[in-house]
Amino acid sequence: MEKLELLYEGKAKKVFKTDRPDVYLVQYKDDATAGNGAKRGTIRGKGAVNNQVTNHLMKFLEGKGIPTHLVEELSETETLVKKVQIVPLEVIVRNVAAGSLAKRLGMEEGTKLNCTVLEYCYKDDALGDPLVNDYHIAALGAATPEELRQIADYSMKINQELGEYLKTAGIELIDFKLEFGRDVNGNIILADEISPDTCRFWDVKTHAHLDKDLFRRDLGGEEEAYREVMHRLLGK
Ligand code: TMP
Numbered sequence: 001m002e003k004l005e006l007l008y009e010g011k012a013k014k015v016f017k018t019d020r021p022d023v024y025l026v027q028y029k030d031d032a033t034a035g036n037g038a039k040r041g042t043i044r045g046k047g048a049v050n051n052q053v054t055n056h057l058m059k060f061l062e063g064k065g066i067p068t069h070l071v072e073e074l075s076e077t078e079t080l081v082k083k084v085q086i087v088p089l090e091v092i093v094r095n096v097a098a099g100s101l102a103k104r105l106g107m108e109e110g111t112k113l114n115c116t117v118l119e120y121c122y123k124d125d126a127l128g129d130p131l132v133n134d135y136h137i138a139a140l141g142a143a144t145p146e147e148l149r150q151i152a153d154y155s156m157k158i159n160q161e162l163g164e165y166l167k168t169a170g171i172e173l174i175d176f177k178l179e180f181g182r183d184v185n186g187n188i189i190l191a192d193e194i195s196p197d198t199c200r201f202w203d204v205k206t207h208a209h210l211d212k213d214l215f216r217r218d219l220g221g222e223e224e225a226y227r228e229v230m231h232r233l234l235g236k
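Counted from 1, the sequence shown has number 2 at position 2 by full-length UniProt numbering; the numbering is strictly sequential.
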């Protein structure tokens, strides 16, 4: 498999074309940003953790019937994925109040929510990824109602399966962000990543942060926390 032209460089990843038209190569970086680019830095070893944790969790979810873009892990920081057309939505699933929800609704961080909350943000950096609902999504043409129903069903199932699995590693799944894409046949599949960059992971006993909030909030210890997540899930 040959790595060809750089297609896209984001905050945390680079995507390259390959010699297979239906397959892209993703390279995870150590670069970190927060607050829509307001804070920039590096978390040493992050790319390797996020790549391997994402692939581990996507393999787990495939086993539970969730279709994903994963093709093959190539190295510590590189993975082959199916080419998709990304649905321009960030799907956020929340079990416990934290972050922007805690702020917006005036809830204390750590309060268990009475039910799982699903939120959608429209992916547009210039607009700051605004929160949208089903009507906005239909009005924008970001996804069809059928696609959105599939996305919501998968997201709830992913929450259930991941939540149970992570608990066995002493990790509480507070909230997380997913992205979906359309494969070459137009089917909705899970894309992007599932990592300490995109999830809030709290230690079950101590409620210590094991995720990017350490970086976002200048708490420190993020390198160790990322390594700890990989150790708990992959044993390395
Ligand atoms: P929030 O509380 O800041 O809205 O974040 C909710 C979850 O979504 C949290 O686990 C972090 C994740 N997230 C991303 O991965 N990317 C983003 O751009 C945002 C805003 C949140």
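Even for Gly, the Cβ is constructed at its ideal location relative to N, Cα and C.
Residue environment, residue i, which counts as buried when at least 16 other CB atoms sit within 10 Å
i, result
"residue 207", "exposed"
"residue 196", "buried"
"residue 225", "buried"
"residue 209", "buried"
"residue 184", "exposed"
"residue 188", "buried"
"residue 8", "exposed"
"residue 135", "exposed"
"residue 275", "Because the chain is modelled from 1 through 236, residue 275 falls outside the range shown and cannot be assessed."
Start and end residues, alpha helix (DSSP H) containing residue i
i, result
"residue 59", "46–63"
"residue 99", "99–105"
"residue 138", "134–140"
"residue 219", "First-last for residue 219: undefined, no H or E at that position."
"residue 159", "145–167"
Nearest to residue i (by Cα), restricted to the options the options
i, options, result
"residue 190", "157, 221, 41", "157"
"residue 212", "19, 4, 41", "41"
"residue 50", "13, 110, 127", "13"
"residue 204", "176, 214, 169", "169"
"residue 159", "141, 144, 178", "178"
"residue 82", "90, 93, 68", "68"
"residue 44", "221, 93, 125", "221"
"residue 2", "53, 48, 117, 74", "74"
"residue 149", "180, 72, 126", "180"
"residue 84", "186, 228, 9, 216", "186"
"residue 93", "72, 121, 77", "121"
"residue 77", "91, 54, 66", "54"
The beta strand (DSSP E) enclosing residue i, as first and last residue numbers
i, result
"residue 13", "13–18"
"residue 96", "89–96"
"residue 203", "199–203"
"residue 31", "31–34"
"residue 189", "188–191"
Contact under 8 Å by Cβ, residue i with residue j
i, j, result
"residue 99", "residue 232", "no"
"residue 95", "residue 174", "yes"
"residue 46", "residue 22", "no"
"residue 151", "residue 143", "yes"
"residue 36", "residue 128", "yes"
"residue 58", "residue 194", "yes"
"residue 147", "residue 87", "yes"
"residue 324", "residue 140", "Outside the modelled stretch of the chain, which goes from 1 to 236, sits residue 324, for which no answer is possible."
"residue 24", "residue 33", "no"
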